[in-house]
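Listed in order, the protein sequences are those of chains L and A. By the working numbering, the letter at position 9 of the first sequence is numbered 330, and the numbering carries on one by one without gaps. By the working numbering, the letter at position 247 of the second sequence is numbered 1356, and the numbering carries on one by one without gaps. Okay, structure first, notes after.
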Amino acid sequence: MGNRTIKVETLTRVEGEGGLYIRLNGEAVDEVRLEIYEPPRLFEALLRGRPLEDVPDITARICGICPVAYQMSSVHALEAALEVTVSPEIRRLRRLLYCGEWIESHGLHMHLLHAPDFLGFDSGLEMAKQFPEEVNRGLRLKKHGNQLVDMLGGRAIHPINVCVGGFYRLPTRKEVQKLIPDFEWGLNAAIETTRWVASFDFPDFESPDCEYISLSHPDEYPMNAGVMKTSSGDTIDVANYEAEFEELQVPHSTALHAIRKSTGRPYLLGPLARINLNRDRLSPSAQKLADEIKLEPVCCNPHKAIIARGLEIIHAYEEALMILRDQPLKGKSRESYEYQAGKGMSATEAPRGTLFHRYIVDKDGKIVEASIVPPTSQNQAQIEADLKQWISHVISKDERETARKCENLVRAYDPCISCSTHFLNVKIERT
Amino acid sequence: MGKPKLGVFKFASCDGCQLSLLDAEDQLLAVAEVIDIVHFPEASSRLESGPYDIALIEGSITTPHDAERIQQIRRDSKFLMTIGACATAGGIQALRNGADTTEFMQAVYATPEYIQVLDQSTAIAEHVKVDFELRGCPINQYQLIEVIQSLLAGRTPRTPKHSVCLDCKRRGTVCVTVAQGIACLGPVTQSGCDAICPSYHRGCYGCYGPAAQPNLVSLSTQTLKAGDSPAEAAHRLQNFNVSAPAFHQESQRLTDQAREQN
Ligand code: SF4
Ligand code: SF4
Ligand code: SF4
């Protein structure tokens, strides 16, 4: 066998557009490129000069699947620049909104994008013919997530109710309580869903010495606050983010790659990283299920991220129910602020991992500089590193089969390409 | 005759509009019964080439490659419909039109030469004939389903062209401008969202683009009287539909006015 390339022109069941290019020399892997050809949209440049109040509305448009994450990192960073502290009630409502996005985004990925890989279907819709109960349950979970974001955010895609300081208006008690019966059903359904995905046949593959990184908070599962923890035992303050990580441009991608400066190595963000680092802070039902299905304390099999997503959905339902049941809905809907020149940074946990924002604002409340580091661009280098190892497990004469298995692995990370350019198609080349 | 074939295509965008289709959870499986979704990379690995009976286009044209890709999709499609502000007006990324794209690229990328982009982000209709435009950032999923259903039934898709104000009245929302003096683009913005923002106590920021025959000059006159600077009034029109002709023209006029004042 000589040199050859394997290509996937259009990666499917991922958010955004990209391809995969693999060059082989016999059985040895020469090169793996995750090619993100999604056109750049230049958000950081077009935010400059705008009033800071526009930022949550505009950054939401980076991604239709995780707009809440963009809004949350934006408002936290801007509040840091303005030295505004929000009330505990607003903070709780923000977590509630985040629960909605996790349920919606994870529900979508698990049922319509990822599960078909394990069961041999091209799409969730096709899978629905043989697994109607499971797919319908998944769609219902996803819908609950949307209903929650809709109630609190005004609409499910690109919520309109989020602002610097809090919310334009607080939901009414009636709006909040209306969701409780559905969410009670949903918590049990999420447990069933997670048991179901945990029963899939997972390839025996571990990501070689991967460093997992996520936010971590002493008494809550990380979502909208905390310090960054790493599986190698480091703690990084969000304020030092830019000192610790480096974004590099590579010729084959419109998304920047990220590495840790101290090690020069890639790292992984996202649900698996969060569970590995914060399992003891999952909600009681999620922890119980993780033990029941015997999930490894540190799980390094990227294919199992679907289980991590399921556990996070359980957590999100349980936490949401708690807030829905006793949210006092008192006080101001938002904190007022005065303009002041300053710099603010924040990181929150988007469904796909830690999302970092930094803004410099002037004394008139205008954006001077914006920097946004989405999770997928940070995960890219690790995905390429894992693919290099994975290929030796799946290489066969049947190129389509090899390409398909490579694509399966890429999907396990739930890459969000629109965010990262702010991805996918597999090409394998044998030279 | 087999089921009509639907293709979903993405250009520069956030995926929010095509997600609206997947978000129609209750109708999704029913839609899949009557329509053959043959090309929808976000949802399926089975990708068929054309011809397509209906093509849904999300996103704007921002690269030389995409300018060619849309031509092929047009040739392959019987009925081509754009979904969302990106596809119908160039989207938020059209804020770079008129600015220095090279400088924008340098602000984001260390080696901008690796990436080919056009100076302008343009609507699909500037490149090919479009049979129907669905507005919004994002589109409304019920409108999308209604349009698909009407196409299947062979009637012309109907979506309202009136302004957001009318929906405020219908919902019984107290006008935020009248009651609280909050600036609102509702009078000049096309409905379709069910007037969400005012019901959350904020002004409309125009994400559905201009309504039919909007009187923008009159609205700016009001906001200027209420104390806005021309630059602020211009900024308000410069977001998701910045390149929609009516919004573009008025924001230019206000920008010129701001320049004269300085
Ligand atoms: S119009 Fe808005 S929601 Fe639709 S793709 Fe463009 S940015 Fe996303
Ligand atoms: S709040 Fe805005 S959209 Fe509603 S009636 Fe007033 S001006 Fe019109
Ligand atoms: S009120 Fe205006 S800005 Fe708000 S969702 Fe409707 S059209 Fe968009």
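The C-beta atom is built at its ideal place from N, Cα and C for all residues, glycine as well. Since we're looking at a predicted model, the values are computed, not measured.
Spatial neighbours of residue i in its chain, beta-carbon cut-off 6 Å, leaving aside the 5 residues before and after
i	result
residue 1360 of chain A	1343, 1346 and 1347
residue 1113 of chain A	1144 and 1162
residue 1295 of chain A	1273, 1274 and 1313
residue 342 of chain L	328, 354, 356 and 748
residue 743 of chain L	Its pLDDT being 34, under 50, residue 743 of chain L is placed unreliably in this model, and the value from its coordinates should be taken loosely. Same-chain partners within the cutoff: 362, 364 and 383.
residue 734 of chain L	700 and 704
residue 395 of chain L	376, 377, 380 and 678
residue 1121 of chain A	1168, 1169, 1171 and 1202
residue 1191 of chain A	1166, 1197, 1233, 1239 and 1242
residue 671 of chain L	387, 390 and 696
residue 352 of chain L	344
residue 1195 of chain A	1122, 1168 and 1169
Terminal residues of the beta strand (DSSP E) in which residue i lies
i	result
residue 346 of chain L	339–346
residue 1137 of chain A	Looking at the DSSP string, residue 1137 of chain A is not in any beta strand (DSSP E); the run it does join, the alpha helix (DSSP H), is 1134–1143.
residue 1120 of chain A	First-last for residue 1120 of chain A: undefined, no H or E at that position.
residue 693 of chain L	688–694
residue 1189 of chain A	1186–1192
residue 548 of chain L	548–551
residue 578 of chain L	578–581
Segment limits, alpha helix (DSSP H) that includes residue i
i	result
residue 1343 of chain A	1339–1346
residue 1332 of chain A	1325–1334
residue 414 of chain L	409–429
residue 1351 of chain A	Neither: residue 1351 of chain A is in no alpha helix (DSSP H) and is coded neither H nor E.
residue 523 of chain L	Looking at the DSSP string, residue 523 of chain L is not in any alpha helix (DSSP H), and its letter there is neither H nor E.
residue 1161 of chain A	Not the alpha helix (DSSP H): residue 1161 of chain A falls in the beta strand (DSSP E), residues 1161–1167.
residue 636 of chain L	626–647
residue 370 of chain L	Run containing residue 370 of chain L: none; DSSP gives neither H nor E here.
residue 723 of chain L	720–733
residue 439 of chain L	436–440
residue 474 of chain L	453–474
Cross-chain neighbours of residue i in chain A, by beta carbon under 7 Å
i	result
residue 477 of chain L	1132
residue 700 of chain L	Going along chain A, no residue has its Cβ under 7 Å from residue 700 of chain L, so there is no contact; the nearest lies around 18 Å.
residue 411 of chain L	In chain order: nothing, as chain A lies at least about 15 Å away.
Same chain only: Cβ atoms within 7 Å of residue i, ignoring 5 sequence neighbours per side
i	result
residue 622 of chain L	523, 526 and 527
residue 401 of chain L	665, 666 and 667
residue 1178 of chain A	none
Own chain partners of residue i with C-beta closer than 8 Å, once the 5 adjacent residues on each side are dropped
i	result
residue 711 of chain L	526, 726, 727 and 730
residue 1315 of chain A	1294, 1297, 1298, 1345, 1346, 1348, 1349, 1350 and 1356
residue 1267 of chain A	1255 and 1259
residue 488 of chain L	411, 414, 473, 482, 654 and 655
residue 497 of chain L	472, 645, 648 and 650
residue 1155 of chain A	1147
residue 1324 of chain A	1296 and 1297
Partner residues on chain L for residue i, Cβ-Cβ distance less than 8 Å
i	result
residue 1206 of chain A	Here the premise fails: no neighbours, minimum Cβ distance about 10 Å.
residue 1348 of chain A	375, 378 and 379
residue 1344 of chain A	371, 372 and 375
Chain A contact residues for residue i, given Cβ-Cβ distances below 9 Å
i	result
residue 489 of chain L	1306, 1309, 1310 and 1311
residue 684 of chain L	Ordered by position in chain A, no residue passes the 9 Å Cβ test against residue 684 of chain L, which lies about 16 Å from the chain.
residue 463 of chain L	1131, 1132 and 1134
residue 509 of chain L	Simply none; closest approach about 18 Å.
Partner residues on chain L for residue i, Cβ-Cβ distance less than 9 Å
i	result
residue 1363 of chain A	Within chain L, no residue comes near residue 1363 of chain A; the closest Cβ sits about 15 Å away, beyond 9 Å.
residue 1232 of chain A	The premise fails here: residue 1232 of chain A is roughly 15 Å from chain L at the closest Cβ pair, so nothing lies under 9 Å.
residue 1138 of chain A	446, 449, 453, 456, 457 and 460
Interface residues of chain L facing residue i [CB-CB closer than 7 Å]
i	result
residue 1129 of chain A	478
residue 1141 of chain A	446
Any non-hydrogen atom of ligand 4 closer than 7 Å to residue i Cβ
i	result
residue 1351 of chain A	Among the ligands modelled here, namely ligand 1, ligand 2 and ligand 3, ligand 4 does not occur.
Proximal chain A residues relative to residue i, where beta-carbon distance stays under 8 Å
i	result
residue 580 of chain L	Near residue 580 of chain L there are no residues of chain A at all, since even the closest Cβ is about 14 Å away, more than 8 Å.
Chain A contacts from the stretch 710–730 of chain L (Cβ-Cβ distance under 7 Å): none
As a quick check of your reading: which residues have a C-beta less than 6 Å from at least one non-hydrogen atom of ligand 3, in chain order? L:481, A:1273, A:1298, A:1302, A:1304, A:1305, A:1306, A:1313, A:1314, A:1315, A:1316 and A:1317
Contact residues within the stretch 1302–1327 of chain A, judged by C-beta distance below 7 Å to chain L: 1305, 1306, 1309, 1310, 1311 and 1314
Can you give me, in chain order, the residues of the stretch 1154–1170 of chain A that have a beta carbon less than 7 Å from any beta carbon in chain L? 1154, 1155 and 1156
Which of the residues in the stretch 1279–1305 of chain A, read from start to end, lie with their CB under 8 Å from any CB of chain L? 1302 and 1305
Between the stretch 1116–1127 of chain A and chain L, which residues of the former have CB atoms less than 9 Å from a CB of the latter, in chain order? 1119, 1120, 1121, 1122, 1123, 1124, 1125, 1126 and 1127
Please list, in chain order, the residues of the stretch 1243–1257 of chain A that have any C-beta partner in chain L closer than 8 Å. 1246 and 1247
Residues in the stretch 439–453 of chain L with C-beta within 9 Å of chain A's C-beta atoms, listed in sequence order? 442, 443, 444, 445, 446, 447, 449 and 453
Residues in the stretch 382–402 of chain L having any Cβ partner in chain A nearer than 7 Å: 382, 383, 384, 385 and 386
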